[in-house]
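Enquirer:
2 protein chains.
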Amino acid sequence: MKKYGLHGNLKAQNGLGKELAAILLQASALVSTAKGCHLYLVSTDKQNPDTIWITEVWDSKEDHDSSLQLDGVGALISQAMPLLAGKPEKGLELEVLGGIPA
Amino acid sequence: MKKYGLHGNLKAQNGLGKELAAILLQASALVSTAKGCHLYLVSTDKQNPDTIWITEVWDSKEDHDSSLQLDGVGALISQAMPLLAGKPEKGLELEVLGGIPA
């Protein structure tokens, strides 16, 4: 079955990439057990350590959207926002065909 | 431990995205059991069904590079090349920090 994928990045202010990544790793731990979540990867851009990429795979866009309401996620978003260099851009939406972790 | 990630796309000629994706799903099946491979996702770009994205996570860049030599991979690359609209571009290299499938 096809899944919903999202690949996007958040840019931290200069030198704050590690701090932003630490918050996103907490989000990953929270969200990875949510309904319909198959993947929530957190990565640093090799060319720019202040750019953090998030790669998600969900059963559906609805499951992804619901995850933003989970306990604790709002608090993490509030912690992350002041670290960002500008407004987050919309990620790349994918229809994931295969290679999905069990 | 940090892992090596690669996120890139291949653009098929008009209307050949499904055919290209089918070849890449065969590659995913071959490669996902290779040494050091944690993820080999194959996805269609929601905005452009002839653009196929591949998202890989490996223990190391060396493990990724070695996978290109696996039995059967060369044959799949040969099948895919004539479907492409132009030369593949280098993907985005990532240092994957967390959320890695077991």
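For the record, the sequence lines run as chains A and B.
Okay, so the first sequence: first residue is 1 according to full-length UniProt numbering, each after it adds one.
Okay, so the second sequence: first residue is 1 according to full-length UniProt numbering, each after it adds one.
Note that CB positions come from ideal geometry on N, CA and C, so glycine has one too.
1. Which chain A residues are close to D45 of chain B, counting only those with a beta carbon under 9 Å from its beta carbon?
2. Counting contacts by CB-CB distance shorter than 8 Å, is A21 of chain B in contact with chain A?
3. Considering Cα atoms alone, identify which of B:A12, B:G91 and B:H7 is closest to L84 of chain B.
4. Which runs of the alpha helix (DSSP H) at least 4 residues long sit entirely within the UniProt domain "ABM" (4-96) of chain A? Give them in chain order.
5. Do the stretch 85-100 of chain A and the stretch 31-47 of chain B make contact, defined as three or more Cβ pairs closer than 8 Å?
6. Less than 8 Å between the beta carbons of D71 of chain B and K3 of chain B, yes or no?
7. Identify every residue that forms a DSSP beta bridge with G98 of chain B.
8. Can you give the Cα-Cα distance for G15 of chain A and L76 of chain B, rounded to whole angstroms?
9. What does G99 of chain B reach in chain A if we use C-beta pairs closer than 7 Å?
10. Identify the contact partners of W53 of chain A in chain B, using a Cβ-Cβ distance below 7 Å as the criterion.
Expert: Concretely, from the data shown:
1. In the second sequence, the residue the question calls residue 45 of chain B occupies position 45. Per Cβ cutoff of 9 Å: L92, E93, L94 and E95.
2. Looking up residue 21 of chain B in the second sequence gives position 21. Taking Cβ atoms only, chain A reaches closer than 8 Å to A21 of chain B, which makes this a yes.
3. Position 84 of the second sequence, counting from 1, holds the residue named residue 84 of chain B. It is B:A12.
4. 17-31, 61-67 and 73-80
5. yes
6. As a position in the second sequence, residue 71 of chain B is number 71, starting the count at 1. As a position in the second sequence, residue 3 of chain B is number 3, starting the count at 1. It is not a contact, given that the beta carbons lie outside the stated cut-off.
7. Reading the second sequence from its first residue, position 98 is the one you call residue 98 of chain B. A:V42, per the DSSP bridge assignment.
8. As a position in the first sequence, residue 15 of chain A is number 15, starting the count at 1. As a position in the second sequence, residue 76 of chain B is number 76, starting the count at 1. One C-alpha to the other measures close to 42 Å.
9. Taking the second sequence and counting its residues from 1, the one referred to as residue 99 of chain B is at position 99. Those are S28, S32, L39, Y40, L41 and V42, listed as they occur along chain A.
10. Counting from one through the first sequence, the residue named residue 53 of chain A turns up at place 53. Chain B residues near W53 of chain A: L94.
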